[in-house]
Amino acid sequence: MVRAFCGELEKAGYFAGLYMSRSPFNSYMEDDIKTRYALWLAEYCSQLNYSGAVGMWQKSSTGRVSGISGNVDMNECYIDYAEKIKSAGLNGFSDCQIVDAPPIAPVAPALPKSKSENQATVEVNINGETYSGKLNKQ
Numbered sequence: 361m362v363r364a365f366c367g368e369l370e371k372a373g374y375f376a377g378l379y380m381s382r383s384p385f386n387s388y389m390e391d392d393i394k395t396r397y398a399l400w401l402a403e404y405c406s407q408l409n410y411s412g413a414v415g416m417w418q419k420s421s422t423g424r425v426s427g428i429s430g431n432v433d434m435n436e437c438y439i440d441y442a443e444k445i446k447s448a449g450l451n452g453f454s455d456c457q458i459v460d461a462p463p464i465a466p467v468a469p470a471l472p473k474s475k476s477e478n479q480a481t482v483e484v485n486i487n488g489e490t491y492s493g494k495l496n497k498q
């Protein structure tokens, strides 16, 4: 089933990988599957107890992160999947075209032409074009 599902993902141009805990991975996955697909292994302990290749390790489901109430999963990632996926042209990145942007000319600083306590009128010259307007103090 894993082989068929991941094969369909790959045929459609997506990066395929597995996420599961160590015990079922060791018990139910065939050796070729263990080495064929990227593995994100869930094992909640202080040290990973798996000797095979692992791309990501989910080491806790009770982590704490400032600004988030409640538990969060804590993971370690050993592979730059974003770069791997982009460089292989997967997940839609083959349709992207990277182009060099034209250089941006330096901009002269805006000098106040007039100002009051809460507002200034400024004028800026960008590539020979003059822009002016009012800026409000925040």
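Position one of the sequence shown corresponds to residue 361 (my numbering), numbered consecutively onward. Every residue gets a Cβ at the ideal spot worked out from N, C-alpha and C, and that includes glycine.
The bridge partners DSSP lists for Asn435 are Gln418.
Partner residues in a beta bridge of Gly430, as assigned by DSSP, do not exist. Bridge partners of Ser381 according to DSSP: Ala402. In the structure shown, Gly412 adopts coil according to DSSP, grouped into three states.
In the structure shown, the three-state DSSP call for Gly367 is helix. For Arg396, the uninterrupted alpha helix (DSSP H) run begins and ends at 391 to 396, by DSSP. Counting C-beta pairs with one atom in each stretch, the segment 367 to 382 and the segment 435 to 455 have three or more that are closer than 8 Å, which means they touch.
Sequence-distant partners of Ile445 (beyond 5 residues in either direction) whose C-beta falls short of 8 Å from its own C-beta, in its chain, are Phe375, Asn451, Phe453. For Ser454, there is no enclosing alpha helix (DSSP H), since its DSSP letter is neither H nor E. With distances taken between CA atoms, Asn409 lies nearest to Arg382 out of Arg382, Gly423, Glu368. In this structure, the beta-carbon distance from Met389 to Val362 falls below 8 Å.
Per the DSSP secondary-structure output, Gly423 pairs in a beta bridge with Val432.
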